[in-house]
Amino acid sequence: MPQGQPSVVPDDGLTTRQRRNRPLVVVHTGVGKGKSTAAFGLALRAWNQGWPIGVFQFVKSAKWKVGEENALRVLGASGEGGSVAWHKMGEGWSWVQRDLQGDNASNEEKAREGWEQVKRDLTAETYRLYVLDEFAYPMHWGWVDTDEVVEVLRNRPGTQHVVITGRNAPQKLVDFADLVTDMSKVKHPMDVGQKGQKGIEW
Numbered sequence: 001m002p003q004g005q006p007s008v009v010p011d012d013g014l015t016t017r018q019r020r021n022r023p024l025v026v027v028h029t030g031v032g033k034g035k036s037t038a039a040f041g042l043a044l045r046a047w048n049q050g051w052p053i054g055v056f057q058f059v060k061s062a063k064w065k066v067g068e069e070n071a072l073r074v075l076g077a078s079g080e081g082g083s084v085a086w087h088k089m090g091e092g093w094s095w096v097q098r099d100l101q102g103d104n105a106s107n108e109e110k111a112r113e114g115w116e117q118v119k120r121d122l123t124a125e126t127y128r129l130y131v132l133d134e135f136a137y138p139m140h141w142g143w144v145d146t147d148e149v150v151e152v153l154r155n156r157p158g159t160q161h162v163v164i165t166g167r168n169a170p171q172k173l174v175d176f177a178d179l180v181t182d183m184s185k186v187k188h189p190m191d192v193g194q195k196g197q198k199g200i201e202w
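Quick note, the sequence shown lines up with residues 1 to 202 if you use UniProt numbering.
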């Protein structure tokens, strides 16, 4: 695809401009590092375009200060690009710790509350870009119904782009999405016992 030119032009009745500006559902999944990082990279591009951005963190700890959060909050408050709203739905655990700690009933309820808020915002067209960080997990675990998610996203009004991250994205979501990237791991420092470090993992 040189210079972003599509290899196929579908006979769908849309003009080139209409097809180019079609809102997308993007999924970053797989076992490799970089799913959320790539989504936040899209948020930077959206901020530069002046789009309002809503970030919804579904399973990371509310106390976990990721570097992208601070950077995007500062940018959002700068008045130079788009606005940024950051919502944390997590209860202090992630997929690594799922069976080790935390009240799963409470976490499930919070995940559902988060999805209900996303639905309200989609209906109101609150944001132009939604980053649903780690949202693949509540669907994978059956906390949020994948069929409902697909239907809501299919019928969302306006020009709202949605990016969903997380391992084990359900096949129905993958089939529905416009852009899917599977992050595969080739090598990782943790394979040889190195823990995450500042500036790289957070």
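Quick reminder that beta carbons are idealized off the backbone N, C-alpha and C, glycines included.
task: Compute the Euclidean distance between the alpha carbons of Phe176 and Ala169, then round it to the nearest angstrom.
output: Indexing the sequence shown from 1 puts residue 176 at position 176. Indexing the sequence shown from 1 puts residue 169 at position 169. Rounded to the nearest whole angstrom, the CA to CA distance from Phe176 to Ala169 is 11 Å.
- request: May I ask you to report which of helix, strand or coil DSSP gives Lys198?
  value: Your numbering for residue 198 matches position 198 in the sequence shown. Coil at Lys198, not helix or strand.
- prompt: Are there three or more Cβ pairs, one per stretch, closer than 8 Å when the region 184-191 is compared with the region 153-161?
  reply: Contact fails between the region 184-191 and the region 153-161, because fewer than three Cβ pairs, one in each stretch, are under 8 Å apart.
message: My output table needs one value for Asp121: the three-state DSSP class, helix, strand or coil.
response: Indexing the sequence shown from 1 puts residue 121 at position 121. Looking at Asp121 - three-state DSSP - the assignment turns out to be helix.
- prompt: DSSP puts Ala39 in a beta bridge; with which residues?
  reply: Taking the first residue of the sequence shown as 1, we reach residue 39 at position 39. None, per the DSSP bridge assignment.
query: Expressed to the nearest angstrom, what Euclidean distance is found between the alpha-carbon atoms of Val9 and Arg17?
result: Here residue 9 refers to the residue found at position 9 when the sequence shown is read from its first residue. Here residue 17 refers to the residue found at position 17 when the sequence shown is read from its first residue. Each residue's Cα considered, the two are about 12 Å apart.
Residue range of the unbroken alpha helix (DSSP H) whose run includes Leu153: If you number the sequence shown from 1, residue 153 lands on position 153. For Leu153, the enclosing alpha helix (DSSP H) stretches over residues Thr146 to Arg154.
field: Val27 and Leu173 closer than 8 Å at C-beta
entry: As a working mapping, residue 27 is identified with position 27 in the sequence shown. As a working mapping, residue 173 is identified with position 173 in the sequence shown. Yes, the pair counts as a contact, with Cβ atoms nearer than the cut-off.
query: Leaving out five residues before and five after Leu132 in sequence, what residues of the same chain have Cβ atoms less than 6 Å from its Cβ?
result: For the purposes of this step, residue 132 is taken as residue 132 along the sequence shown, with counting starting at 1. Residues of the same chain with a CB within less than 6 Å of the CB of Leu132, apart from the 5 flanking positions on each side, are Phe56 and Ile164 in chain order.
task: Could you pull out every residue in the same chain whose Cβ sits closer than 7 Å to the Cβ of Trp51, ignoring the five residues on either side in sequence?
output: For the purposes of this step, residue 51 is taken as the residue at position 51 of the sequence shown. Within the same chain, Trp51 has close Cβ partners Gly82, Arg128 and Leu129.
query: The beta strand (DSSP E) with Lys88 in it runs from where to where?
result: Taking the first residue of the sequence shown as position 1, residue 88 is located at position 88. For Lys88, the uninterrupted beta strand (DSSP E) segment begins and ends at Val84 to Lys88.
field: Buried versus exposed, by CB contacts within 10 Å (16 or more), Ile200
entry: Here the question's residue 200 lines up with position 200 in the sequence shown. Ile200 counts as exposed, since fewer than 16 other beta carbons sit within 10 angstroms of its beta carbon.
- prompt: Does at least one heavy atom of the ligand NAP sit under 7 Å from the Cβ of Val26?
  reply: This structure simply doesn't include the ligand NAP, nor any ligand for that matter.
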